[in-house]
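Colleague: Right, I'll just put the structure down here and ask away after.
In UniProt numbering, the protein residues as written are 1 to 314.
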């Protein structure tokens, strides 16, 4: 090989090496720029992601709040081993009391309406050994019958109480108004019961199952001042067995214009009572039920009846 050819070869190799080096530098520079761009993109994406995650987190919190609210108002009905349908929830207290439930004017108006109500004057006997003469009436209606109840002039004085007491999602109701004239004063037994231990399940669905009230409220409309006894005693549902030989968890002392509201699955009874006065004892009782879609068609749209021999929370 001549010296000139050898020089040209070295020059080409040198040029190629320089070109490769420059290409590598360009590639390296391009790579660095790409890495910087990727890094910036990642940082930007990270910032955007963090920015976007905040509303997503707020949305999730809001969704949880809404879900909790919905679940809080949802009624979980369940059938027990005893064949009872229950809808009470764990957060319902056994009983609450509200003194002076109505204003003085409202209460006097309701009391007058109840005591003079024509349907309250039907003679009858309630458990002759424990009660004296009793008379009263019962209204049963479902969601579809509420407006019919409202439209009845003879029940207008009870509508406001119904509206105040109505619990969310309840769709079947039993309203009782009962008047009791007590037995002979000397026949009183302080250890006796005017109403035995029971659950309220009078919604009137024809079924082999027992539909227990969701909530029950008692408004004491007329209570003799000298009355002895008559406490409303309550027991938790527990395993569903009727409590025996145990003291009540709560006892409500009757008093005019007192509203006592208790869990529908609470076992309860009323102690015997007596009074020397001629003043009658009158109570308004509202049972409220949550009835599922499958059984709601079996509920009573509206019915009214005059009753004697009534076992009620008075």
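Positions of the beta carbon are idealized from the N, C-alpha and C atoms, including for glycine.
#1: Just grab the DSSP bridge partners of residue 283 for me.
#2: Quick check: residue 165 and residue 283, are their CB atoms within less than 8 Å of each other?
#3: Can the beta-carbon of residue 197 be found closer than 8 Å to that of residue 242?
#4: Whole-angstrom Cβ separation of residue 281 and residue 222, contact assumed at under 8 Å?
#5: So the candidates are 137, 203, 271 and 146; which of them puts its Cα closest to the Cα of residue 192?
#6: If you drop the 5 nearest sequence neighbours on each side, which residues of the same chain put their C-beta closer than 6 Å to that of residue 298?
#7: Give the secondary structure of residue 263 by DSSP, where H, G and I count as helix, E and B as strand, and everything else as coil.
#8: Return the CA-CA distance between residue 278 and residue 171, expressed in angstroms with no decimal places.
#9: Taking the alpha carbon of residue 230 as the point to measure from, which residue in 190, 244 and 142 has its own alpha carbon closest?
#10: With three or more C-beta pairs closer than 8 Å as the rule, is the segment 251-265 touching the segment 81-99?
#11: Between 154, 194 and 212, which lies nearest to residue 173 when the distance is taken from Cα to Cα?
#12: Which residue marks the beginning of the beta strand (DSSP E) containing residue 258, and which one marks its end?
#13: Alpha carbon to alpha carbon, what distance is there between residue 257 and residue 102?
#14: What residue from 269, 138 and 156 has the CA that sits closest to residue 199's CA?
#15: Closer than 8 Å by C-beta to residue 228: which residues in its own chain qualify, once you throw out the five before and the five after it? Chain order, please.
#16: Quick one, which of 144, 93, 184 and 160 has its alpha-carbon nearest residue 286's?
#17: With 16 other CB atoms within 10 Å as the buried threshold, where does residue 140 fall?
#18: State the Cα-Cα distance for the pair residue 304 and residue 162, rounded to the nearest angstrom.
#19: Taking its Cβ as the centre, do 16 or more other Cβ atoms sit within 10 Å of residue 201, making it buried, or is it exposed?
#20: To the nearest angstrom, how far is it from the Cα of residue 249 to the Cα of residue 237?
#21: Determine the DSSP secondary structure at residue 302, reduced to helix, strand or coil.
#22: Between residue 240 and residue 82, is the Cβ-Cβ spacing less than 8 Å?
#23: By DSSP, does residue 196 sit in helix, in strand, or in coil?
#24: Alpha carbon to alpha carbon, how far is residue 152 from residue 145?
#25: Looking only at its own chain, which residues have a Cβ that is under 8 Å from the Cβ of residue 109, when we skip the five neighbours before and after it?
Modeller: Let me spell this out:
#1: 178 and 220
#2: no
#3: In this structure, residue 242 lies closer than 8 Å to residue 197 by Cβ.
#4: 6 Å
#5: 271
#6: For residue 298, same chain residues with a beta-carbon under 6 Å away, outside a window of 5 residues either side, are 205 in chain order.
#7: strand
#8: 38 Å
#9: 190
#10: yes
#11: 212
#12: No beta strand (DSSP E) contains residue 258, which DSSP labels as neither H nor E.
#13: 7 Å
#14: Selected option, being the one with the closest Cα: 269.
#15: 188, 190, 273, 274 and 275
#16: For residue 286, the nearest C-alpha among the options comes from 160.
#17: Its Cβ being crowded by 16 or more others within 10 Å, residue 140 is buried.
#18: Each residue's Cα considered, the two are about 16 Å apart.
#19: Residue 201 is classed as buried because its beta carbon has at least 16 other beta carbons within 10 Å across all chains shown.
#20: Roughly 11 Å separates the two Cα atoms.
#21: Three-state DSSP puts residue 302 in a strand.
#22: yes
#23: strand
#24: 11 Å
#25: 157
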